[in-house]
Structures are given as structure tokens and as C-alpha cells.
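K.L.:
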Amino acid sequence: MRWEELTGDRFPEAVKECGGVCVIPLSVIERHGHHLPLGTDMYIGREVANRAAAIEPAIVFPDYIFTQIPEARHRAGTISIDPDLMIQLLDNVCREVARNGLKKIVLLNAHGGNFGLLALFNMLPLYSPRDYVIYIVHALGPLPQGVEVPWDASAEGHAGPGETSMILAIRPDLVRMDQVPTNDEGRALGRLRALREAGVQTGIWWYADHPTHYQGDARAADAEAGDRLLDARAEQVARALRAIKADTEAARLQDEFYRGSASPY
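Per the working numbering, the very first residue in the sequence shown carries number -7; after that it's consecutive.
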């Protein structure tokens, strides 16, 4: 069920039907190589959420693009929100979702740059009491086991064959396969290799390796493989939704924690 497609009269009934679960697909607007649309993560996050909710009913929140992407500020079309506003806005949205009766909020991450943001955001409910629980689920990662694809895993990456295949399945009209590089542009430049090998991390690491926001080799992308990937991701998310619906312990422990933190002595 799409939040924006429900009527106000239908909404309370939908909340009950989905067990009070809302999925917020988190994405960004950023460059994806030369051949994919700026909204690649948005399209993929939306599609995975919709397919998962068709398997395990949930209310899917409208596209949420205001997340972490300062590393692409040097590329045209990027929308990069200030960090304090980014966190406040997501917190505000979660509170509004809960106010509407959805007390289990699933942040479905469709953007690799959000891992740091979500690690922090996931701890915010420990600072002040909430009447809802936040669950984080990732709609990206290694290729799902058992899914056959016509490329080697070493070719994967940002705007690589996986993402390209999924967009070919969702919006083929937006893919410019004729613009996929035929050289080694997708290979990491390794400009901070010495630091990385010494276990040192910097904020400029992604730009150091992939300044054109292209990683891997998308030439083997295939729409049918993309459809299989979307189904596999949706199945993974649906399994998570079932576990979240069955969960009563997280909210109980959260309330227990709040009582203890209010009076630690």
C-alpha cells in the first residue's frame, strides 16, 4: 500500500491491515556514472519496497531522497542536505509516521552512503523516549545467493551491472547503455591507497577512488537479471517485515531502558 494513494478514510484500516508497519525507502539524488538517471537509488528503493509490501503488507512512505551524499557535491544534479537538517527532518518524519498510528518504522536503505547516517540515527531514540521503534533494513549489498547474473561479482559497483540491470527492468527508457564506458573508468584510482592499507580512513576516500561516480563495469547489464535481483531483494525485505511484525521485544526493551535511564540510581 502506497501512503500517498490511500484516502484519509481508508488510512486507519490500512494501518491495522499492515500491523502498524511503515516502510520508508531512503535514497538520494546523485550521479550514477554517464548512463543512469540521478534518481537511480530512488527508483530501486521504491520498487523493492513496493514488491516487498505486495508480499508482506506494509504502508510504503513516499520517496524519501533527503539523505547523505556530500561526496557527490562536485557533480551536477546532486541534492546534498546539511547534516543537522538531514537528521532533524528524518526524525520529524518518523515522529509524524508514528503519530499516524504506525509504531514500527522500517528505514529501508537504498543508498550505500547512508550506512554512517543510519548508524547514528539508529541511536537517537536512546536519548529521549519514543512510542515507536525504528528498524533498519538494507535493500542493497552483495548479490543475493541463488540469483543468476551474466557478469562476474568483480564487475559490481556504483552504477555497475547490478544497479544498471535493475533500472533496465524498472525504467529502461532512462538508461543510456551507449554511454557506458568501454575503458577502465570504473576501476578505483587508489589515490589514497597508502592510507587505506594502513587502516586510515578519510572523508574524501570515495572521491579519491571514484571521482566520476562510476564503479565496476556495467556493460553486461541485463533487464531480466535486474528483475530477478529486484525480486530477490524484495523477498529479503519481506522476510524482515515478517520478523518485525512478530517482534514485541524491541519495544519492551526500549521502554525498560527509558525507565532505567530516567532514574539510573
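Each residue gets a CB set at the ideal place from its N, CA and C atoms; glycine is no exception.
Model, not experiment: these values are computed from the prediction.
Among all the DSSP beta bridges, which residues are the ones paired with Leu100?
P.N.:
For the purposes of this step, residue 100 is taken as residue 108 along the sequence shown, with counting starting at 1. In the DSSP assignment, Leu100 forms a beta bridge with Pro17, Val129.
K.L.:
Taking just the CA atoms, how far does Ala145 sit from Tyr124?
P.N.:
Position 132 of the sequence shown, counted from the first residue, corresponds to residue 124. Position 153 of the sequence shown, counted from the first residue, corresponds to residue 145. Computed Cα separation, rounded: 39 Å.
K.L.:
Quick check on DSSP: helix, strand or coil for Arg122?
P.N.:
As a working mapping, residue 122 is identified with position 130 in the sequence shown. Here Arg122 sits in coil by DSSP.
K.L.:
Tell me which same chain residues have a C-beta within less than 6 Å of the C-beta of Ser19, skipping the five on either side of it?
P.N.:
Sequence index remark: in the sequence shown, residue 19 carries index 27 (1-based). Around Ser19: Asp33, Met34, Gly37, Ile57, Ala102, His103.
K.L.:
Who are the Cβ neighbours of Val7 in its own chain at under 8 Å, not counting the five residues just before and after it?
P.N.:
The residue given as residue 7 occupies position 15 in the sequence shown. Only Ile51, Asn92, Gly93, Leu94 meet the Cβ criterion.
K.L.:
For Ile126 versus Ile97, is the C-beta distance shorter than 7 Å?
P.N.:
To locate residue 126, count along the sequence shown from 1; it is residue 134. To locate residue 97, count along the sequence shown from 1; it is residue 105. Yes, these two residues count as a Cβ contact at 7 Å.
K.L.:
Please report how far the alpha carbon of Asn106 lies from the alpha carbon of Ala64, in whole angstroms.
P.N.:
Taking the first residue of the sequence shown as position 1, residue 106 is located at position 114. Taking the first residue of the sequence shown as position 1, residue 64 is located at position 72. Each residue's alpha carbon lies about 13 Å from the other.
K.L.:
Are there 16 or more other CB atoms within 10 angstroms of the CB of Ile159, so buried, or fewer, so exposed?
P.N.:
The residue you call residue 159 lines up with position 167 of the sequence shown. Buried: at least 16 other Cβ atoms inside 10 Å.
K.L.:
Based on the DSSP output, what are the partners of His24 in its beta bridges?
P.N.:
Locating residue 24 in the sequence shown gives position 32, where the first residue counts as 1. DSSP output for His24 lists Leu28 as bridge partner(s).
K.L.:
Alpha carbon to alpha carbon, how far is Met(-7) from Glu227?
P.N.:
Stepping through the sequence shown from its first residue, residue -7 is reached at position 1. Stepping through the sequence shown from its first residue, residue 227 is reached at position 235. When rounded, the distance between both Cα atoms is 17 Å.
K.L.:
Taking just the CA atoms, how far does Leu184 sit from Pro164?
P.N.:
As a first step, residue 164 must be located in the sequence shown, where it is residue number 172. As a first step, residue 184 must be located in the sequence shown, where it is residue number 192. Pro164 and Leu184: Cα-Cα distance of roughly 36 Å.
K.L.:
Would you call the region 8 to 28 in contact with the region 202 to 212, where contact means no fewer than 3 C-beta pairs closer than 8 Å?
P.N.:
yes
K.L.:
Is Arg67 helix, strand or coil by DSSP?
P.N.:
Reading the sequence shown from its first residue, position 75 is the one you call residue 67. The answer is coil: DSSP assigns Arg67 none of H, G, I, E or B.
K.L.:
Please name the residue or residues paired with Val52 in a DSSP beta bridge.
P.N.:
For this step, residue 52 is matched to residue 60 along the sequence shown. Paired residues: Arg(-6), Val15.
K.L.:
Of all the options Ile73, Arg87, Val139, which has the alpha carbon lying nearest to the alpha carbon of Cys14?
P.N.:
Indexing the sequence shown from 1 puts residue 14 at position 22. Cys14 has its Cα closest to that of Arg87, out of Ile73, Arg87, Val139.
K.L.:
Which term fits Ala217, buried or exposed, when burial requires 16 or more other beta carbons within 10 angstroms of its beta carbon?
P.N.:
Position 225 of the sequence shown, counted from the start, is the residue given in the question as residue 217. Ala217 should be labelled buried.
K.L.:
Below 8 Å on the Cβ atoms is my guess for Ala213 versus Pro153; work out the distance and round it to an integer in Å.
P.N.:
Residue numbering aside, residue 213 sits at position 221 when the sequence shown is read from its first letter. Residue numbering aside, residue 153 sits at position 161 when the sequence shown is read from its first letter. Contact between Ala213 and Pro153 holds: CB atoms are separated by about 5 Å, below the 8 Å threshold.
K.L.:
Going by Cα to Cα distance, which pick from Val40, Asp55, Pro54 is closest to Glu48?
P.N.:
Walking along the sequence shown from the start, residue 48 turns up at place 56. Checked all of Val40, Asp55, Pro54; the closest Cα to Glu48 is Val40.
K.L.:
Can the beta-carbon of Val139 be found less than 7 Å from the beta-carbon of Ala232?
P.N.:
Within the sequence shown, residue 139 is the residue found at index 147, counting from 1. Within the sequence shown, residue 232 is the residue found at index 240, counting from 1. In this structure, Ala232 does not lie closer than 7 Å to Val139 by Cβ.
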